[in-house]
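Input: a single structure, listed below in structure tokens.
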Amino acid sequence: MIPDMQTLKVIYDTDPGVDDAMALLLLARHKRVDLIGVTTVFGNADIATTTRNALYLKQKLGFSAPVAQGAGAPLVGEPDAPPTFVHGLNGLGDIDLPPISVSADPRPAHQLIIDLVTATPGEVTIIAVGRMTNLERAMREAPEIVGLVKQIVVMGGAFGRNGHTGNVTPVAEANIWGDPDAADIVFGAAWPIAIAGLDVTQATVMSETYVAKLAADAGEDGAFVRAISAFYQNFHRESAGLDGFYVHDSSAVALALHPEFYQTETGAIRVVTEGIAIGQTIIKPDGRNYPPGAWDGRPSQTIAVGVDAVAVLKFYRETLVG
Ligand code: RIB
Ligand code: CA
């Protein structure tokens, strides 16, 4: 397949988050990305903290896109305690943060999404790497945007391919588990969705050596990646015995820009919204027949099931090193 070389207009829906920050750096530096909006959601930290971090990143990375604050709680119930053991108390690996002199857009995240999508129908790609809460709200308030978005690329879920099933429970991935009701609604709408779940993000690892080389070769950006990822790397070493860390949110960026790096499957997706398997993502592959059931009448979406991890790591490095 010949990759589409067009510029992508991107809204980045995020809960920064160490890996969110690394993916935002990638979007800010990639020549084929026109970053038109950043929207925040609770997740890796509370909503005040993820928004503060997104504003810090706007200031630090120097992009001009507006940052709008989004949801602070899931559709149903209360937010869970933030995973400070993964991303640090400040969500960015506990690096020192300077005073922030840029402010948030006055619109709530869902309104910014609606405004940007309707301004350029058919052109906007939404890269969503946190809970799906803002997307659900945007489509609830302006259902017409479902037909106007070019594509939604998600980091979330786990479909059991390559043995990857869950990271917060044996069957659930954090972004989906954190708001399963919103995810089930978003995946059931007729906009084209491509998903990089744990199936591929846990198959892509940035080693300590890789990060050290990036720090040496990519100037201030490389040093920044090393600084924010130290805490995150430590978590992966202690919890999974990994020399390095999983490439979660940058995988969604890679899937958006380089779908040829991934093998994919298609089918209708459901999210389990209650019980011990809450947050589990289950695909009914196209072409498989079952008796009538909960997947019927849902749109066919795309999931990544295999990855050329070497190509993804090369892509990240080349985008930063130039
Ligand atoms: O499960 C990994 C995902 O959860 C990533 O998006 C990470 O940033 C957290 O939000
Ligand atoms: Ca994230």
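Heads up: the sequence shown at position 178 corresponds to 185 in my numbering, and the numbers run straight through without jumps.
The beta carbon of each residue, even a glycine, is placed where N, CA and C say it ideally should be.
Here the structure is a predicted model, which is why all the values come from computation and not from measurement.
Please identify the residue among the options whose C-alpha is closest to the C-alpha of residue i.
| i | options | result |
| --- | --- | --- |
| Ile-133 | Ser-108, Phe-322, Ile-152 | Ile-152 |
| Ile-310 | Gly-248, Leu-262, Ile-202, Asp-22 | Ile-202 |
| Met-29 | Gly-79, Ala-72, His-94, Ala-88 | His-94 |
| Gly-163 | Ala-190, Asp-41, Ser-214, Ala-197 | Ala-190 |
| Gly-44 | Pro-115, Lys-38, Phe-242 | Pro-115 |
| Glu-325 | Asp-186, Thr-273, Ala-261 | Ala-261 |
| Phe-322 | Glu-281, Ser-258, Thr-280 | Ser-258 |
| Ser-307 | Tyr-297, Ala-316, Pro-298, Gly-274 | Gly-274 |
| Phe-70 | Val-254, Val-218, Asp-41 | Asp-41 |
| Val-124 | Asp-112, Lys-38, Asn-141, Lys-157 | Lys-157 |
| Gly-248 | Glu-143, Lys-38, Ser-214, Pro-266 | Ser-214 |
| Leu-99 | Thr-56, Ala-225, Ala-126 | Thr-56 |
| Gly-129 | Val-17, Ala-80, Thr-280 | Val-17 |
| Gln-13 | Ala-165, Ala-263, Val-161 | Ala-263 |
| Glu-227 | Leu-32, Trp-302, Pro-23 | Leu-32 |
| Val-25 | Pro-86, Val-175, Pro-90, Arg-168 | Pro-90 |
| Arg-138 | Lys-220, Pro-113, Asp-87, Ala-111 | Asp-87 |
| Leu-155 | Phe-166, His-171, Asp-122, Phe-92 | Asp-122 |
| Thr-170 | His-265, Gly-313, Asn-141 | For clarity, residue 170 is Gly in the given sequence; the question names Thr instead. Ranking His-265, Gly-313, Asn-141 by Cα distance to Gly-170 puts Gly-313 first. |
| His-255 | Val-317, Val-136, Gly-286, Leu-221 | Val-136 |
| Leu-96 | Ala-52, Val-212, Ala-78 | Ala-52 |
| Gly-286 | Glu-267, Gly-300, Asp-188, Val-328 | Asp-188 |
| Ile-283 | Leu-119, Glu-85, Thr-140, Trp-184 | Trp-184 |
| Ala-237 | Gly-251, Ala-225, Val-279, Thr-47 | Gly-251 |
For ligand 2, is there a heavy atom less than 6 angstroms away from the beta-carbon of residue i?
| i | result |
| --- | --- |
| Gly-173 | no |
| Asp-22 | yes |
| Gly-170 | no |
| Asp-27 | yes |
Taking only heavy atoms of ligand 1 into account, decide whether any of them is closer than 6 angstroms to the Cβ of residue i.
| i | result |
| --- | --- |
| Glu-180 | yes |
| His-243 | no |
| Val-136 | yes |
| Met-162 | yes |
| Asp-256 | yes |
| Asn-141 | no |
| Asn-97 | no |
| Gly-204 | no |
| Gly-251 | no |
| Gly-167 | no |
| Gly-50 | yes |
Which stretch, first to last residue, makes up the beta strand (DSSP E) that contains residue i?
| i | result |
| --- | --- |
| Arg-277 | 269-278 |
| Ile-134 | 131-135 |
| Asp-41 | 40-47 |
| Tyr-19 | 15-21 |
| Thr-1 | Outside the modelled stretch of the chain, which goes from 8 to 329, sits residue 1, for which no answer is possible. |
| Val-153 | First-last for Val-153: undefined, no H or E at that position. |
| Ala-197 | Premise fails: Ala-197 is in no beta strand (DSSP E) and is neither H nor E. |
| Gln-308 | 308-314 |
Just reading off the alpha helix (DSSP H) that residue i is part of, what are its end residues?
| i | result |
| --- | --- |
| Gln-158 | Unbroken run through Gln-158 is the beta strand (DSSP E), 158-162; no alpha helix (DSSP H). |
| Ala-201 | Segment 200-203 is the beta strand (DSSP E) holding Ala-201; no alpha helix (DSSP H) there. |
| Gly-229 | 226-247 |
| Thr-288 | Taken as a continuous stretch (DSSP letters only), Thr-288 belongs to no alpha helix (DSSP H), being part of the beta strand (DSSP E) at 288-292. |
| Gln-66 | 54-68 |
| Asn-141 | 140-148 |
| Trp-302 | No alpha helix (DSSP H) holds Trp-302; DSSP gives it neither H nor E. |
| Phe-92 | 91-94 |
| Arg-36 | 25-36 |
| Asp-256 | 256-264 |
| Asn-182 | 181-184 |
Within 8 angstroms, do at least three Cβ pairs link the region 99-107 to the region 48-65? yes
Is the number of C-beta pairs between the region 291-298 and the region 170-186 that are closer than 8 angstroms three or more?
no
Q) Should the region 227-234 be called in touch with the region 192-202, which here means at least 3 C-beta pairs below 8 angstroms? A) no
Exercise. Taking three-plus beta-carbon pairs below 8 angstroms as touching, is the region 142-152 in contact with the region 239-247?
Worked result: no
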